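J.: The following block contains the structure, expressed as structure tokens.
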Amino acid sequence: MDELNWELVTEPSQIPKVMEDFGRHQLLGFDFETTGLHYMKDQVHGMGLANPDRAWYITMPVLNQLMPWLKDRMHDPRVQSIGHNVKFDLHFLKKLDPTIKPANIVDTMVAQWLVDENERLGLKHVAEARLGMEGLLTFKDLQRITKADKGFKRMDEVTVYDMDLDLLGKYGAMDPWLGVQMWPELYWDLVQESQEQHFFDTEMPFIFVLQRMEETGFYVYTDKLLELRYEWEKRHTELFEQWCDLTKTKGEDSKYPNGRNPNSNPQLAEWFYDILDLPISFRTEGGAPSTKALAIMRLSYVDESGSANLIKEYRKLDKLLSTYVNPFLEKTYNGYIYGSYNHTGAVTGRLSSSDPNLQNIPAHGETGSQVRRVIGAPPGSLFLMIDYSQIELRLAAHYAQVQALMETFAQGGDPHQTTADLVGVVRYIAKNLNFAWFYGAGPRKFCDMVEEKGYPRPSMTDAKRWFWQFGEAYPELMDWKFAVLRAGKRLGHVRTITKRRRHLPELSSFSERDRGRAERQAVNSIIQGSAGDLIKWAMLQIDPILEDYDARMNSQTHDELGFIVPNDAADEFALIAQQKMVAVEEVFDLSVPILAEPILGQTWGDTKES
DNA sequence: CAGCGAGGCGCG
DNA sequence: AAAGCGCGCCTCGCTG
74 MDELNWELVT
84 EPSQIPKVME
94 DFGRHQLLGF
104 DFETTGLHYM
114 KDQVHGMGLA
124 NPDRAWYITM
134 PVLNQLMPWL
144 KDRMHDPRVQ
154 SIGHNVKFDL
164 HFLKKLDPTI
174 KPANIVDTMV
184 AQWLVDENER
194 LGLKHVAEAR
204 LGMEGLLTFK
214 DLQRITKADK
224 GFKRMDEVTV
234 YDMDLDLLGK
244 YGAMDPWLGV
254 QMWPELYWDL
264 VQESQEQHFF
274 DTEMPFIFVL
284 QRMEETGFYV
294 YTDKLLELRY
304 EWEKRHTELF
314 EQWCDLTKTK
324 GEDSKYPNGR
334 NPNSNPQLAE
344 WFYDILDLPI
354 SFRTEGGAPS
364 TKALAIMRLS
374 YVDESGSANL
384 IKEYRKLDKL
394 LSTYVNPFLE
404 KTYNGYIYGS
414 YNHTGAVTGR
424 LSSSDPNLQN
434 IPAHGETGSQ
444 VRRVIGAPPG
454 SLFLMIDYSQ
464 IELRLAAHYA
474 QVQALMETFA
484 QGGDPHQTTA
494 DLVGVVRYIA
504 KNLNFAWFYG
514 AGPRKFCDMV
524 EEKGYPRPSM
534 TDAKRWFWQF
544 GEAYPELMDW
554 KFAVLRAGKR
564 LGHVRTITKR
574 RRHLPELSSF
584 SERDRGRAER
594 QAVNSIIQGS
604 AGDLIKWAML
614 QIDPILEDYD
624 ARMNSQTHDE
634 LGFIVPNDAA
644 DEFALIAQQK
654 MVAVEEVFDL
664 SVPILAEPIL
674 GQTWGDTKES
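Residues 74 to 683 in this note's numbering are what the first sequence spells out, letter by letter.
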């Protein structure tokens with residue numbers, strides 16, 4: 074491996090030489106160093122630039138003078154603009170010049186993810202594995218060094234401006250250079266595995282779609298959010314005080330003279346199972362008595378102190394406040410919440426979301442609606458939500474060619490009712506049987522599932538019988554699973570509808586546990602991963618028509634897409650977007666009809682009512 | 001102070 | 001015979 078040959082660029086006079094020295098190379102690595110990870114709030118400190126021979130770190134504001142040249146290079150389709158997690162850098166590239174759109178981007182993180190979704194995807198890890206480099210500094214190392222050098226008390230006090238410029242510059246120049254070094258080998262791997270077309274035609278364009286989604290954000294109705302906080306905080310305090318009062322233990326040597334901490338599971342367990350001596354119904358992975366919701370629910374039937382009901386309500390409010398209400402208030406920036414959608418977040422091919430996670434916002438019950446009613450579209454626009462109806466069940470029916478389900482879907486029927494009729498159970502039992510199947514759950518977990526939703530717990534005898542009858546009702550599902558596992562074991566992977574792979578070497582494990590898990594993952598990954606492929610395809614189709622309606626896509630929650638649309642364009646756009654979503658039926662030649670339902674409202678909560 | 005695993009829980 | 005898929009974030013309690 075060549076040594077890094079790099080240069081720090083801080084003076085305008087150096088710019089012409091950078092352009093000249095870069096030459097006509099067609100591999101252009103780039104990577105921004107910024108004041109933080111917030112793509113809206115944070116600022117560019119400088120940019121690392123690299124070709125296969127050398128690298129530069131160019132600081133602001135001198136970097137501005139390089140932008141026309143950079144744009145010219147990046148707009149040349151023969152030039153590959155290479156980065157690791159390019160979406161992040163696109164945000165900052167746009168800040169420096171809103172008109173830049175690289176014609177040919179390469180994301181080495183996404184490439185590595187396609188090659189092996191199980192590998193660690195951080196630049197340092199990939200570089201160490203692929204280039205045989207070791208001891209590469211991370212940004213965190215830079216922070217630690219700076220903290221020690223300059224005597225900071227805390228890590229979060231250290232900013233990029235405190236760092237030694239030679240150290241930061243070398244680091245900033247190294248990153249894009251590593252990308253340029255890795256790419257030829259990664260490309261070769263993609264070709265070997267026939268993934269290069271998918272990489273260039275789907276995954277790379279998708280980065281722009283995600284980038285635009287992120288910069289759209291969710292409009293926040295801050296007043297409503299503050300009201301929610303006031304109301305829930307009040308009740309939360311009340312419950313906390315009641316709990317402390319109830320659970321304090323008197324006596325000189327008492328550990329809890331002021332009450333127990335309701336957020337501490339060990340303290341909860343001690344209270345319920347030692348002090349009150351109530352029966353233990355579940356144990357944790359580590360063998361401790363569990364205080365999970367279902368356990369508390371059971372306790373509430375026999376607990377006379379009222380503490381079980383107290384903790385139920387406390388937990389609910391605490392979750393809402395600490396995970397949604399307070400973080401949303403803190404993260405609201407210029408009236409919007411900006412989260413991240415992580416392209417490589419899931420091994421199945423789904424997206425994940427973080428900072429904040431916009432894919433796990435409460436959806437059920439009144440409190441869920443209350444949270445969802447604080448985010449949506451700004452006044453003058455509407456929030457549009459379009460969700461696929463039972464996409465995973467439809468894919469299961471398609472893959473396994475399940476006659477009964479194919480007929481149900483063809484007639485616009487209810488698949489859960491079909492299961493109910495065939496198995497001879499009520500609908501909610503059937504619905505859970507359907508879910509249990511593609512998660513690979515057994516009778517015991519199935520019973521837990523039903524009980525958790527507030528229905529009476531079925532007997533194990535009934536559950537086992539229903540499982541058997543389920544198999545009788547859908548023999549194709551059983552045959553398909555068998556075929557999937559046989560092929561998967563032979564190849565060491567399974568594939569989704571777009572031929573993306575999930576590697577599952579453990580299908581050949583001799584450990585019953587490990588192999589069992591891999592088998593459940595194999596079946597689920599085909600269904601879940603293909604559903605992810607379908608919505609990704611739809612998003613790519615919808616993206617170019619957004620501007621015709623001045624609409625913005627702003628969210629994806631696995632089987633649903635969210636948009637902000639001007640009032641007068643809303644109905645028409647909803648119809649077009651819906652058509653694009655259901656078009657996957659023909660494009661992927663599915664054996665079942667695909668349905669997507671659009672709903673309009675001012676906020677996300679309003680789209681859940683009707 | 002920083003980092004981590006565990007337990008718990010929100011979503012699809 | 002028994003077998004829950006995929007995520008991210010919160011707090012606690014412990015370790016270095």
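Even glycine gets a Cβ: it sits at the ideal position worked out from N, Cα and C. Here the structure is a predicted model, which means the values were calculated and not measured.
#1: Between Pro89, Val447, Ile599, which lies nearest to Gly561 when the distance is taken from Cα to Cα?
#2: Roughly how many angstroms separate the alpha carbons of Ser380 and Thr357, rounded to a whole number?
#3: Under 8 angstroms by Cβ, that's how I've got Met424 and Tyr409 pegged, so tell me the actual separation to the nearest angstrom.
#4: In the DSSP assignment, the alpha helix (DSSP H) including Leu215 goes from what residue to what residue?
#5: Should Arg574 be labelled buried (16 or more other beta-carbon atoms within 10 Å of its own) or exposed?
#6: Looking at the unbroken beta strand (DSSP E) that takes in Asp460, where does it start and where does it end?
#7: I'd like to know whether the C-beta atoms of Trp250 and Ala128 end up nearer to each other than 8 angstroms.
#8: So, with DSSP's three-state summary, where would you put Trp79?
#9: So Thr364 and Leu341 are supposed to be a Cβ contact under 8 angstroms. How far apart are they, rounded?
#10: Within a Cβ cutoff of 8 angstroms, which residues of the same chain sit near Asp552, ignoring the five residues on either side of it in sequence?
#11: List the whole-angstrom C-beta distance separating His416 from Val183, where the pair is believed to meet the contact cut-off of C-beta under 8 angstroms.
#12: Just the C-alpha distance for His576 and Val596, rounded to the nearest angstrom, thanks.
#13: Indicate the three-state DSSP secondary structure (helix, strand or coil) for Met113 in the structure shown.
#14: Measuring straight from C-alpha to C-alpha, what distance separates Lys653 and Ile615?
#15: On the criterion of 16 or more Cβ atoms from any shown chain inside 10 Å, does Glu670 qualify as buried, or is it exposed?
#16: Buried or exposed: which applies to Ile667, given that a residue is buried once 16 or more other Cβ atoms fall within 10 Å of its Cβ?
#17: Helix, strand or coil: which one does DSSP assign to Phe291?
#18: Which same chain residues, not among the five before or five after Ile353, have their C-beta less than 7 angstroms away from its C-beta?
#19: To the nearest angstrom, how far is it from the Cα of Met247 to the Cα of Gln432?
#20: Let me know the secondary structure DSSP gives Asp521 once reduced to three states.
#21: Ignore the nearest five residues each way along the sequence and tell me which others in Glu465's own chain have a CB closer than 7 angstroms to its CB.
#22: Quick check on the DSSP output: what are the complete beta strand (DSSP E) runs of length 3 or more inside the stretch 564-607, in order along the chain?
#23: Whole alpha helix (DSSP H) runs in the stretch 186-215 with 4 or more residues, listed along the chain?
#24: Measuring straight from C-alpha to C-alpha, what distance separates Glu269 and Asp189?
#25: Consult DSSP for His118 and reduce its assignment to one of helix, strand or coil.
#26: Closest to Leu607 by C-alpha separation, out of Ala647, Val657, Pro617, Ser628, would be which residue?
#27: In terms of residue numbering, what span does the alpha helix (DSSP H) encompassing Glu258 cover?
#28: Suppose the cutoff is 6 angstroms on Cβ atoms and the five residues either side in sequence are ignored; what does the same chain contact list for Gly418 look like?
#29: Where does Trp129 sit, in a helix, a strand or coil, going by DSSP?
#30: Would you tell me roughly how many angstroms separate the C-alpha atoms of Asn124 and Lys404, rounded to the nearest one?
#31: Pick out the complete alpha helix (DSSP H) segments inside the stretch 432-500, 4 residues or longer, and give them in chain order.
#32: For the beta strand (DSSP E) containing Asp94, list its first residue and its last residue.
#33: DSSP three-state call for Gly324: helix, strand or coil?
#34: Spatial neighbours of Met92 within its chain, please: C-beta separation below 8 angstroms, excluding the five flanking residues on both sides.
#35: Pro516 and Phe540 - do their beta-carbons sit closer together than 8 angstroms?
T.: Reading from the atomic positions:
#1: Ile599
#2: 21 angstroms
#3: Note that residue 424 is Leu in the sequence shown here, rather than Met. Going by Cβ atoms, the distance from Leu424 to Tyr409 rounds to 19 angstroms, so no, they are not a contact pair.
#4: 212-223
#5: buried
#6: 454-461
#7: yes
#8: strand
#9: 4 angstroms
#10: Ala473
#11: 6 angstroms
#12: 12 angstroms
#13: coil
#14: 7 angstroms
#15: exposed
#16: buried
#17: strand
#18: Tyr346, Pro362
#19: 34 angstroms
#20: helix
#21: Phe511, Ile600, Gln601, Ala604
#22: 566-568, 574-576
#23: 196-204
#24: 14 angstroms
#25: strand
#26: Val657
#27: 238-265
#28: Leu424, Ser425
#29: strand
#30: 37 angstroms
#31: 438-445, 464-473, 476-483, 488-496
#32: No beta strand (DSSP E) holds Asp94; the alpha helix (DSSP H) holding it covers 88-95.
#33: coil
#34: Leu139, Trp142
#35: yes
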